[in-house]
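Notes follow the structure.
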Amino acid sequence: AQHFLPDWNPGLEVNHIDGNRDNNRADNLEMCTHQRNMEHAIAGGLKRDYGEKSVNAKLTNGQAEEIRVRYSSGQASQNSLAKQYGVSRQTVSAIIRYKKYIR
């Protein structure tokens, strides 16, 4: 994509405008943030909702943000947060790394 896109930026992601990842024509590619790429995928039916909008959500987005704040400030460990919120330590880790409950 970096050869075809004049606005190539390694800090951004490549979005396939038509949602077809096999269509790599330059006029179907655009640079965007991860957030925008996920919003586009959800709107196009390529990905399910995430965070509290998911039918499988165990936490609210607010609780996920509390987990991030408490962990980053050193108030709690991943294990203690997992127990407190009733989720696995792996889920807490994914929340902290913005892999789950993305803003």
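Quick note: the sequence shown uses UniProt numbering, first residue 1, plus one each step.
Every residue, glycine too, gets a C-beta built ideally from N, C-alpha and C.
Here Ala-43 is exposed, its C-beta having fewer than 16 other C-beta atoms within 10 Å. In this structure Leu-46 is exposed. Its beta-carbon is surrounded by fewer than 16 other beta-carbon atoms within 10 angstroms. In the three-state reduction of the DSSP assignment, Val-87 falls in the coil class.
For Asn-15, the secondary structure class from DSSP, reduced to helix, strand or coil, is strand.
Rounded to the nearest whole angstrom, the CA to CA distance from Pro-10 to Thr-33 is 11 Å. Sixteen is the threshold: when 16 or more other Cβ atoms of the shown chains lie within 10 Å of the Cβ of Tyr-101, as they do, the residue is buried. Between Asn-28 and His-40, the C-beta spacing is not below 7 Å.
Rounded to whole angstroms, Leu-12 and Met-31 show a C-alpha spacing of 6 Å. Shown here, Leu-5 sits in coil according to DSSP, grouped into three states, outside any helix or strand. Ala-94 and Ala-82 have their C-alpha atoms some 11 Å from each other. Within the same chain, Gln-78, Leu-81 and Ile-96 come within 7 Å of Tyr-71 by CB-CB distance, once the 5 residues on both sides are set aside.
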